[in-house]
Structures are given as C-alpha cells and as structure tokens.
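> Note that the sequence shown ends on residue 1756 in my numbering; no numbers are left out.
Beta carbons are placed, not taken as given, at the ideal position from N, Cα and C, and that holds for glycine.
The model shown is predicted, which means the values in this text are computed figures rather than measured ones.
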Amino acid sequence: MAETGPDRPGRLFKAAGMLIRLLRKFLGTRIRVHGLDRIPANPALFVVNHFTRFETVIMPWILWKYARRPVRSLAWKGLFVGHLGRFMASMGTMSTGSPLRNKAIISDLMKGVWSWLIYPEGVMVKDKRIMHGRHFVIQAEEDGAPHPPHTGAAVMALKSVLYKDDFLENARRGRTERVAYYQKILDIRTAGDLAPLDTVLVPVNLTFYPIRPHPNALLHFTHRLLKQVSERMEEELTIEGNILLKGDVDVAIGEPVEVRSFLQSRGRFLKDLPILPTETRSDLITRLLARPLTDQLMGWVYHAVTLNLDHLFASALFLCRSKTLTLPQLQAAIFLAACWAREAGLRLHWTLEEPSLDALLSLEDFPPFADIFLLAVQEEVLGMSGSRWQIRRSALERTAAFHRERLVGTLRVIANEVKPLTALQARLRGFINREPEHLARQLHRTLLERDRALYERDYGLSYRQADSIGKEYGAPFFLEGHRRTGIVLVHGYKASPGEIRELAAFLHAEGFTVYGVRLKGHGTTPEDLAKATWREWYDAVGRGCAIVSGCCSRVVVGGFSTGGLLALLAAARKRERLRGIFTVNAALKLADFKTHLVPALHLWNRLLTRLHLQKGRLEYLDTPPEFPETNYRRHPIAAVAELERLMKVTAKALPSVRLPALVIQAKHDPVVNPKSGRLIFDRIRSPLKELHEPEADRHVLVRPPGHEAVFRPVLAFLKEMDR
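1) Examine the Cβ distances between the stretch 1326 to 1335 and the stretch 1390 to 1408 and report whether three or more of them are shorter than 8 Å.
2) Let's test the definition: count the other Cβ atoms within 10 Å of the Cβ of D1398 and tell me whether it reaches 16, buried, or not, exposed.
3) Across which residues does DSSP place S1418 in a beta bridge pair?
4) Should F1402 be labelled buried (16 or more other beta-carbon atoms within 10 Å of its own) or exposed?
5) If we ignore side chains and look at the alpha-carbon of each, how far apart do I1286 and V1673 end up?
6) What's the C-alpha gap between P1073 and G1155?
7) Which class does L1721 belong to by DSSP, given the choice of helix, strand or coil?
8) Here's the rule I'm using: 16 or more other beta-carbon atoms within 10 Å means buried, otherwise exposed. How should G1207 be labelled?
9) What is the DSSP secondary structure of Y1488, reduced to helix, strand or coil?
10) Can you tell me whether Y1548 is helix, strand or coil according to DSSP?
11) Apart from the five residues just before and just after L1721, which ones in its own chain have a Cβ nearer than 6 Å to its Cβ?
12) Name the residue from P1469, R1608, L1277, P1658 whose alpha carbon lies nearest to the alpha carbon of S1063.
13) Measure the C-alpha to C-alpha separation of F1510 and L1429 and round it to an integer number of angstroms.
14) Would you check if the distance between the CB atom of T1663 and the CB atom of S1495 is smaller than 8 Å?
15) Give me the Cα-Cα distance between V1237 and E1450, rounded to the nearest whole angstrom.
16) Drop a sphere of 10 angstroms on the beta-carbon of E1532, count the other beta-carbons inside from all chains shown, and report buried for 16 or more, exposed for fewer.
17) For the 8 Å Cβ check, are there 3 or more pairs between the stretch 1219 to 1238 and the stretch 1183 to 1203?
18) In this structure, does DSSP put V1743 in helix, strand or coil?
19) Put V1735 into one of helix, strand or coil per three-state DSSP.
20) D1198 by DSSP, collapsed to three states: which one?
21) Would you mind reading off the limits of the beta strand (DSSP E) that contains P1236?
22) Is the separation between the beta-carbon of A1456 and that of A1377 shorter than 8 Å?
23) Can you tell me which of the three DSSP states G1507 falls into?
24) Can you give me the Cβ contacts of L1739 inside the same chain, cut-off strictly under 8 Å, excluding the 5 residues immediately before and after it?
25) Could you tell me whether the Cβ atoms of F1615 and F1750 are closer together than 8 Å?
26) Here's the rule: buried if 16 or more other CB atoms are within 10 angstroms of the residue's CB, otherwise exposed. What is F1660?
27) Please report the straight-line C-alpha distance between R1245 and R1576, rounded to a whole angstrom.
28) Hey, how far is the Cα of M1680 from the Cα of T1271?
29) Given this structure, state the Cα-to-Cα distance separating A1624 from L1598, to the nearest angstrom.
30) Check the C-beta distance from L1112 over to I1151 and give it rounded, since I have them as a contact under 8 Å.
31) For R1691 versus R1610, is the C-beta spacing smaller than 8 Å?
32) Please state the DSSP three-state secondary structure of G1597.
Rendered as structure tokens:
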C-alpha cells in the first residue's frame, strides 16, 4: 500500500487549483456544476464519462472546490511520464498500470479517508460513439475491438461493502487469520478504521461546448515551444484547446446508487451461500452484479448530457430524410425540440434557454447558430442548392481514423453524444421531416402559447389588486388576417397591449395580421416593471417577429412611443428580414426636463441599497396617465433608467436603418420632445421614408380622439408594403 498518495486534501489540490484558476481567468473556461446537493457524506466512487485529457485534473479539483470532497482518480498509465507524471502523482492520481490500484481503492472506500473517481470507458471516447443498438458499446481505438464500459468501478464498490462486512464478522468471531489478511492487504487494523457509512456510486456527466476543429492560440504556442508536434497531440490540442480557451464545461452529478441496497435487491441469495469460501463468494457476486450495476450507472451518465444547440443542429441533419431544407425549417425544428426537451426535464445549455432560444427565431443573426452552421458548410455537409440548402450525405457520413474523427467529422461526434436520448431523437425526427407549412404553423402556435403563458406567469407572480392592470388590457393579442403582410405592433412605456388595441383592430379590418406585443414588466404591476430591462423589452419584439413570420411572408414592425424606439432598433438589427417599419411619437427625446435627473436618482437608490438603508430612497414617480385602464399610475425610477439606456442604444443604431419607414410625430407632443420625429427622419438612411407631423397636442395618438392623423397614413404605408 505504498502508493496511497498525500494525506492532506488542501495540499493535494493546491497545484490543480492554481491551474484551474489560470484557465478560468486567462483562457475563458466556464464551469457549471449541477446537483452538488446529491453528493452524500458516504465514501463515494464517482463514475464519469471521458472525452478530454484535462478531465483527470479538473474533476478532482471541482469536487474538492465545490463539495469539499477529497477525491483521488485513476488515469491512463501513459500520462505518468516526466514532469506530467510527477504532477499527476502529486495530486494523488494513480496510474491504471499500478499493481496496487485495486487494493488502494478498496481500502480508501472502506476507511472513508478518500473518495475515488473512475472513467469506466477506459480511454478518451473521441468519437462519442457509445451505442450499438440498445447497448452501450465503445470503439476506443481504431485498432481495438469494441467493448462495453469497464466494470472496474462497480467491482471496487461492491468489494468495499462485501469486504467490510466480512472484516466485521470475522473480527466479531475472533477469526484472527482472516482479520490479519485485511490488516496486511488493505491496511485495516481494527473496526475503528472503517467508515461508519457504506460506499455509494455517484454517476457524473461532463458535457463540453463548443467542440470545434479550429486552430487556436494554445496550439500555436505549442508549435513555437516544441520543434515537433505529433499528429495525435495536434488533434488533441486543436479540439481541447478550443474548449479551454472559450468553452463551457457542464458537470452534472446524478443520484447516488447505494451499493448495499443494490446488493440486497440483486445478490442477497448469493451472499448467504454457505458452501463457498468468503473470497470466492465475493468474486462470484461481483462477477454477476458488476455488469448490471455498471449499465445502470452509465445509463444515467449518458442520459444526463447537457443538451445544447449544436446537439440539435447536428442531429437534425442526420435525421432529415429530405435532401434539402431551408434555414427557417431547421431553426423551427430545433426550437420545437428544445421546447419539448425543457418540458421533458432535460438539462439545457444556455444556447437553448431563454432568451437565447427566442433569439434563434428573432430574424437576427444568432451567433451560436451561425457558428455551428459555418462548421457544417466547412465540413461540406451543407451546400446551396437554389434557394435551399442541400444535405450532402457523403460528407455527413464520411469516416476517418479514430484520432482524426474530431477534426473531420465534428458534426457526427456532436450528434453521437445525444443518440442515447431516444425520445428526443424521435421528437426531432418528427419535427425536421414535417411538411414546412405544417411545421411553420406548429411553431406559430407554440410561440403564441409560450408568450401568453409568460404573461400569465408574470401576472400571477406580481398581482396586486390596487396596481394590477386588467388582463383584458395587459395580455398580448393576435389578430389573423388574409394579407401576406403581418404587423408586429408595440405599445409604449408603462402601458400595455390594450393601448394599441384600436389601431390593431383598424388594421385587422383592412386584412392585415397583427400581433400586439406585451413588453416585459408591462400589463402587470409597477413593481414588475422595476425589475425589467430594455433588453427584455427588445426580446419581446423578437418573439413577436417570430410569431408573425410563422404565418405571413412579410413582416412590418410598428411602435408607439417606447414601442417606436424598439421598432427602430429592430429595423437596424433585423434589416432585410423585415419589410418596413413605422413609428408614432417615438421617444428619442423626452419633453420633461425632470427625466434628466433620473440617472442620478437611480445611482442614489443603488448606493442606499448597497448600504442597506431604506430612508431617503425615491423609487417611484406618480404620473396620472391619460388612460388609467391601460397604463400604470406610477412608474419606477429603475425603469426610467432602462428607458434612457434604450434611447441611447437606439440613437446610435439609427444610421443602420435602411428599410422603408414612416415616422409620425405630433407637433405639440407634451411627453416626447417634438424634435424627435425630425431627428429620427434625418438620421435613418432609408431610401424610402416619410415624415408626418400632425397638429396635435396629445401624446397617445393611437387612441381616439385625433387618432385619424395616425391611422390613415399608417394604413397607406402598409398597403404600399403589401404590394
């Protein structure tokens, strides 16, 4: 038992901690750990999937850092060379080639001094091919035979419990010869050396994002440092360097399996066989139970993947039966599959969470989608075929040598990781192979339901009888028309969709489809508005665009007051994806000089919050609304500060607006500085633009009286867009 490693966890992980902190601070690795509360106090043997080399360093450190569990691990014997080998040994890592490894693991688990970490796959599973039919089968090397995950972890855990029981039984009966055996082999002197709790097996899944075959700074640095870099090292630095430099590491910890309970349910009849010697009986039990126990653990490990956008993108290409598809079709299938995955309780990466998931359909470039799409083009899996994208099966199914698989078949590697999620595969297959029209309609219905559910949730959480807007005014609404042009209509600040209802009904009567957006924090209570950000307001507009584009071939965004700012920002960012925009009294500049004091008040409130002081705070302003049934009677300073930010962002974006535009601004607007209309008109670069400045002294011109000054020009503009 000479290779038991250091006895001080803090010292053991000091070097690893320095390395990981360096990675997180300077390289950009982001680590998220899920399920820490599942780790029990028992001696534990953690069972983990294996894809990269640095897992042998990062996992023991994570378990020490986040759970304060001293953990040793097994690592491939080829790593124990030179400085790297000494570093690994200093961390308490043991070589798979050590003749003492099994005894060390069993002894540590029995005594509870250390927990252990094992990778049952045996080596890095670079291609992530882990399924053959319904069974877990791994092709570890190009020259090796396929094999199921190794049962070593299960064997060690089972034996730690069986040997513990045997030691206690022999010690109780005074069988000194058998006790001496354990003292010599496992370094256990008395019953007091044994842990009071039994061993548990804890499954752990590691998911990495993104997996990309691009050269990186780490690879370039290695080339400068070393005269020669082997092909295998180059491949590993290419893939793993990108994860280290800009990757996400999701660590999911599963429910522990109590080894004693497993023994009692599966092997009790074997344990009580009197005719077999103790060691023979233990070996028989472990041989019979190690495989089903391993399969149970690895089943959880492989199903606990953190699902990301790349998984759905790559899988959709493999599952699509058609030779061609469109990007909206692919995006819709991914979106619907992600919604199903959330409802099914699968763990989602941030690329599939809100607001990222909504951004996928917002008619803007979504960087994570653009990145994986570019990879598909570079791997020649996707190529243009007229107005559609052709799926090149030969490139998609092209194979490579094992240690080049991650470089030339990255999409296949990504798709392999989620093949065990059979229910997800079935759903995604159904979505990607649905008729495009039916898929668009299903997406449209799903988006409508989600937006309505979001409002219901917000309303229920923030409801206050004295302040809440009535649901008939606060809820988003959809009016379907027969024209090919649809309108995304956005209300103003501290108002609700009810504010734009008359204009929507007027346009719908003319045959236009209209979606009345509900901005976050609006249509509920002022307290809810205090927590909202301008980015959340803009995200609501993006959802509206996705809803309307699901049933109309052309989309126009129009907005009143703050809604006008959001319409302009959408025009600047979505550009050719929209047909045109119109604004009514867009709040680029406010008329009330007191609004200039808001940033200072907001900073003052934040300072008092940090000092935990309540006295002296001014959080709300009383502003009697023109239409109290649709607007708040008071509004939060924090929200006014968000409006100021939106005004600045929109002002900078105006030169990027090149869509046909209609700008309406009342000449005597008491809320918005009347100069706003001219400033907007002059700064946007739309070849086709109109400015209307009606003689009106009201702000809310989208409601009677005086609404004709808005309704007529808006209708004329929209009819022009519908031609």
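Inspection of the coordinates gives the following:
1) Result no; under three Cβ-Cβ pairs closer than 8 Å.
2) Counting Cβ neighbours within 10 Å, D1398 comes out exposed, since fewer than 16 surround it.
3) DSSP lists R1421 as the beta-bridge partner residues of S1418.
4) Its Cβ being crowded by 16 or more others within 10 Å, F1402 is buried.
5) Here the alpha carbons of V1673 and I1286 stand approximately 43 Å from one another.
6) So the alpha carbons of these two residues sit roughly 26 Å apart.
7) The answer is coil: DSSP assigns L1721 none of H, G, I, E or B.
8) So G1207 counts as exposed.
9) Assigned with DSSP and collapsed to three states, Y1488 falls in helix.
10) In this structure, Y1548 counts as strand in the three-state DSSP scheme.
11) Once the five neighbours on either side are set aside, the close Cβ partners of L1721 are P1693.
12) According to the sequence provided, residue 1063 is Arg. The question's Ser does not apply to it. Checking every option, the nearest Cα to that of R1063 belongs to L1277.
13) Between F1510 and L1429, the C-alpha separation is close to 43 Å.
14) Between T1663 and S1495, the CB-CB gap reaches or exceeds 8 Å.
15) So the alpha carbons of these two residues sit roughly 15 Å apart.
16) Buried, by the Cβ-count rule.
17) Contact between the stretch 1219 to 1238 and the stretch 1183 to 1203 is present: three or more C-beta pairs spanning the two stretches fall below 8 Å.
18) V1743 sits in a helix when the DSSP states are folded into three classes.
19) When secondary structure is reduced to three states using DSSP, V1735 falls in the coil class, being assigned neither helix nor strand.
20) It is helical.
21) It spans 1233 to 1242 - the beta strand (DSSP E) in which P1236 sits, taken as one unbroken run.
22) A1456 places its beta carbon less than 8 Å from that of A1377.
23) Note: G1507 maps to helix in three-state DSSP.
24) Note that residue 1739 corresponds to Gly in the displayed sequence, not to Leu. Same-chain partners within the cutoff: P1727, A1729, R1731.
25) If you check the CB distance, F1615 and F1750 come in under 8 Å.
26) Exposed is the call here.
27) Looking at the two C-alpha atoms, the distance is approximately 30 Å.
28) The alpha-carbon separation between M1680 and T1271 amounts to approximately 43 Å.
29) When rounded, the distance between both Cα atoms is 16 Å.
30) About 15 Å separates the Cβ atoms of L1112 and I1151, ruling out a contact at the 8 Å cut-off.
31) No, they are not a contact pair.
32) Helix, per DSSP.
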